[in-house]
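Comments concern the structure below.
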């Protein structure tokens with residue numbers, strides 16, 4: 001509840017905007033992201049595959065309905081007015097550390113569709129599996145592509161690494177822009193080891 005405004009106020013950076021520009025100029029077929037912040041869509045990339053979900057959505061574990069996080073946030077604040085102004089410690093990912101005494105009377109809104117009590121951010125938590133439709137959509141993008149560009153990912157999550165494996169098996173070249181080692185280094189044809197916020201605008205200027 002308290003961390004959401006930070007996530008909602010985040011803006012795309014130069015890397016997000018450059019990828020959107022590459023798509024707009026027909027140089028990039030699509031975007032598959034492990035990020036859950038929705039910033040690729042905000043930058044203008046169409047039909048993004050959110051492999052690990054999206055914090056801008058909330059899912060009901062009972063009826064599988066999805067809802068706007070902004071709408072659920074409004075209800076959270078209305079039902080928990082005492083939590084709006086307390087001091088919290090915010091993490092970069094939007095998580096908020098709140099003293100235990102403030103959580104004793106916390107009220108979680110019911111599902112707008114089925115009135116169920118089990119709502120969660122529509123993201124893949126540690127130990128959960130990627131949604132089947134997202135995994136299928138991501139693999140279809142790789143199969144339809146001529147090459148694969150990895151940007152700003154160590155590929156340590158198998159859900160992303162398997163896409164590189166699929167591209168490699170199909171004989172498709174893999175390129176990477178990432179500061180540091182990746183799990184797929186042995187499969188990558190060319191790697192640029194600098195931050196993607198610096199590299200992508202340069203690449204965009206060269207090819208558009």
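In the UniProt record's numbering, the protein residues as written are 1 to 208.
Virtual Cβ for every residue (Gly too), placed ideally from N, Cα, C.
Expected contact under 8 Å - CB spacing of residue i and residue j to nearest Å
i: residue 156; j: residue 183; result: 5 Å
i: residue 57; j: residue 134; result: That belief does not hold up - the Cβ atoms of residue 57 and residue 134 are roughly 12 Å apart, past 8 Å.
i: residue 111; j: residue 185; result: The pair is not a contact, with the Cβ atoms about 44 Å apart (cut-off 8 Å).
i: residue 3; j: residue 94; result: 4 Å
Nearest to residue i (by Cα), restricted to the options the options
i: residue 195; options: 13, 2 and 43; result: 13
i: residue 173; options: 187, 179 and 56; result: 187
i: residue 36; options: 99, 147 and 92; result: 92
i: residue 151; options: 127, 206, 16 and 11; result: 16
i: residue 128; options: 52, 9, 33 and 30; result: 52
i: residue 5; options: 176, 55, 62 and 46; result: 55
i: residue 220; options: 18, 3, 117 and 9; result: Because the chain spans 1 through 208 in this model, residue 220 falls outside it and cannot be assessed.
i: residue 161; options: 8, 23, 21 and 32; result: 32
i: residue 171; options: 180, 154, 145 and 178; result: 145
i: residue 83; options: 105, 67 and 71; result: 105
i: residue 10; options: 25, 189 and 43; result: 43
i: residue 34; options: 126, 67, 200 and 80; result: 126
i: residue 189; options: 165, 202 and 200; result: 165
DSSP-derived helix/strand/coil call for residue i
i: residue 61; result: coil
i: residue 68; result: strand
i: residue 50; result: strand
i: residue 89; result: strand
i: residue 176; result: strand
i: residue 6; result: helix
i: residue 136; result: helix
i: residue 25; result: coil
i: residue 74; result: helix
Test item: CB-CB of residue i and residue j under 9 Å
i: residue 27; j: residue 142; result: no
i: residue 119; j: residue 108; result: yes
i: residue 78; j: residue 86; result: no
i: residue 149; j: residue 163; result: no
i: residue 167; j: residue 192; result: no
i: residue 8; j: residue 97; result: no
i: residue 21; j: residue 204; result: yes
i: residue 23; j: residue 45; result: yes
i: residue 178; j: residue 154; result: yes
i: residue 50; j: residue 38; result: yes
i: residue 225; j: residue 90; result: No information on residue 225 is available, as it lies outside the stretch 1 to 208 that the chain covers here.
i: residue 124; j: residue 132; result: no
Identify every run of the beta strand (DSSP E) within the stretch 94–130, keeping only runs that are complete inside it and at least 3 residues long; order them along the chain.
Within the stretch 94–130, the complete beta strand (DSSP E) runs of at least 3 residues are 119–123.
Runs of alpha helix (DSSP H) lying entirely within the stretch 143–170, each at least 4 residues, in chain order:
Counting whole runs of 4 or more residues, the stretch 143–170 contains the alpha helix (DSSP H) stretches 158–169.
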